[in-house]
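For reference, the structure discussed in these notes is given below.
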Amino acid sequence: MSIPQERRVVTAIPGPKSQELLARKQAAVPSGIGTTLPVFVTRAGGGVVQDADGNSLIDFGSGIAVTNVGNAAPKVVERVTRQVADFTHTCFMVTPYESYVAVCEKLNELTPGDHDKRTFLVNSGAEAVENAVKVARHATGRQAVVVFDHGYHGRTLLTMTLTAKNMPYKHRFGPFAPEVYRVPLAYPFRWPTGPENCAEEAAAQAIDMISKQVGAENVAAVVIEPIAGEGGFIEPAKGFLPRIAEFCRDNGIVFVADEVQTGFARTGTLFACEDEGVVPDIIVTAKGIAGGLPLAAVTGRAELMDKVHVGGLGGTYGGNPLACEAALGVLETIAEEDLVGRARRIGEIMLPRLRAMKERFGVIGDVRGRGAMIAIELVVPGTKEPNPTAVQEVVKRCHAEGLLVLTAGTYGNVLRFLPPLVIPEHLLDEGLGILEKAIAAL
Ligand SMILES: *Cc1c(COP(=O)(O)O)cnc(C)c1O
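Each residue of the sequence shown is one higher than the last, beginning at 4 in the working numbering.
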């Protein structure tokens, strides 16, 4: 790895060069495009991000769970470099090329379930979710789509409708797409009667709402994240996902797992559904799939996917050859470097440290996550009242010290950690130390 794997803070964060660039950004880019940490990046790799002022930050974000294999991962760079010199685009629907097919074969093989599958490729997570809904509606001849509290599925018209949170995703962007229904999610930390009852009660409520308010026979698809990402890394209570999947199976509803954030080794299995042995009818992937090149995939049962008429699916850029080569490089890297094992190891390092912090600091209400998808939920000490102010304060201190962390949560009170799976352990330790100090300083 050619970038020194060290934290180095040599200016204020952001430094003068980044501040200059930030001024240009503000003059050229609408303010609707937010900025988590306003340093302008010049290089990144392993567990660090370098900025224009020569600072080197510890990366606990992976560009939102994208660079699981690290930035500029050698296998990705090598394949993309070769491809860019050969050809950059033909449109797969016009004249196909092998790498697209190879990515689809790999996903058919690696995603949960040994049934016959088909995969097609698009450009973003939102586009993939939309396409999963298109396939489900076409195949079932039904219209309704059921989603969950705290769900996030993207920013297009349909996917922002599927998304739960108003601010910032939906506010004043209506009217929304029709035939979308929302039901409860088994959120253990906030379940009114306690975590023990959560899975059973939440599933019963969800199923009752679907049956009584929508009619199971009208539902094309249930779309769920196996761990809610933007909603605050909420791992549904064990038993909830299998129960919902079973209800779908019994009622001819397409069970769609949105693994855009949880996919590709992130949670200590290749896909998060594997944890409880849930086999989705359609699985949607993006983010971690291609090391940062724009790519997303819809993988589903052959009999569903093949129902759609010729020309009914596709797009100009979907499965671009550079992105496909990158995805093949990512899958090789995950296998060769055992990044599934690395994700578990990251969880084994982080979770005990964070649980120990929870004992010390009343502001930490909950520590949760699997593998390298970990979060803490901050509360007003002694209560479960969300504490977004504390989160903002901790984030500010971490960023000033050169630790890049992200927030999440319906109540804005969750700090989420998504380090690249290739992060060296000394940086993981150092990052946790910075976090602990930032919380102690509250
Ligand atoms: C990020 C995300 C999306 C949207 O993906 P984009 O590539 O930003 O369109 C959809 N679902 C989940 C679970 C996500 O985390």
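Glycine is no exception: its CB is placed at the ideal position from the N, C-alpha and C atoms. Just so you know, these numbers come straight off a predicted model, no measurement behind them.
Over the uninterrupted alpha helix (DSSP H) stretch that includes residue i, give me the two end residues.
| i | result |
| --- | --- |
| Phe250 | Phe243 to Asp253 |
| Tyr103 | Glu101 to Leu113 |
| Leu24 | Pro19 to Ala31 |
| Glu328 | Pro324 to Glu339 |
| Leu2 | Coverage of the chain is limited to positions 4 through 445, which leaves residue 2 absent and any answer about it impossible. |
Could you check if residue i is buried or exposed, using at least 16 other CB atoms within 10 Å of its CB as the buried criterion?
| i | result |
| --- | --- |
| Arg193 | buried |
| Arg175 | exposed |
| Pro229 | buried |
| Gly405 | buried |
| His402 | buried |
| Phe1 | Look at the range of the chain in this structure, 4 to 445, and you will see that residue 1 is not part of it. |
| His156 | buried |
| Pro423 | buried |
| Ala293 | buried |
| Pro2 | Residue 2 lies beyond the stretch modelled for the chain, which goes from 4 to 445, so this question has no answer here. |
| Pro115 | buried |
| Arg10 | buried |
So residue i is in the beta strand (DSSP E); what residue range does that whole segment cover?
| i | result |
| --- | --- |
| Ser59 | Ser59 to Asp62 |
| Thr302 | Ala299 to Arg304 |
| Leu342 | Segment Leu342 to Arg363 is the alpha helix (DSSP H) holding Leu342; no beta strand (DSSP E) there. |
| Ile285 | Ile285 to Thr288 |
| Arg373 | Ile367 to Arg373 |
Hey, how far is the Cα of residue i from the Cα of residue j?
| i | j | result |
| --- | --- | --- |
| Glu328 | Asn111 | 17 Å |
| Ile210 | Asp152 | 14 Å |
| Ala375 | Thr143 | 36 Å |
| Lys168 | Gly154 | 8 Å |
| Ala15 | Val52 | 16 Å |
| Thr392 | Ile36 | 22 Å |
| Gly322 | Gly232 | 25 Å |
| Pro198 | Val69 | 31 Å |
| Met96 | Lys109 | 20 Å |
| Thr270 | Arg347 | 7 Å |
Rounded C-beta distance between residue i and residue j? I'm assuming under 8 Å.
| i | j | result |
| --- | --- | --- |
| Thr426 | Gly50 | Per the sequence shown, residue 426 should be read as Ile rather than Thr. Right, their Cβ atoms sit about 3 Å apart. |
| Ala55 | Lys20 | 4 Å |
| Asn71 | Gly291 | 4 Å |
Can you check whether the CB of residue j is closer than 8 Å to the CB of residue i?
| i | j | result |
| --- | --- | --- |
| Val226 | Ile256 | no |
| Gly234 | Glu380 | no |
| Ala202 | Lys173 | no |
| Leu298 | Ala330 | yes |
| Val125 | Val150 | no |
| Val301 | Val287 | yes |
| Met308 | Val136 | no |
| Gly412 | Gly66 | no |
| Phe420 | Ala359 | no |
Verify the CB distance criterion: does residue i have a CB-CB separation below 8 Å to chain C?
| i | result |
| --- | --- |
| Glu133 | This model lacks chain C altogether; it includes just one protein chain. |
### Message
Residues around ligand 2, please: the ones whose beta-carbon is closer than 5 Å to some heavy atom of it, in chain order.
### Response
Of the ligands this structure carries, namely ligand 1, none is ligand 2.
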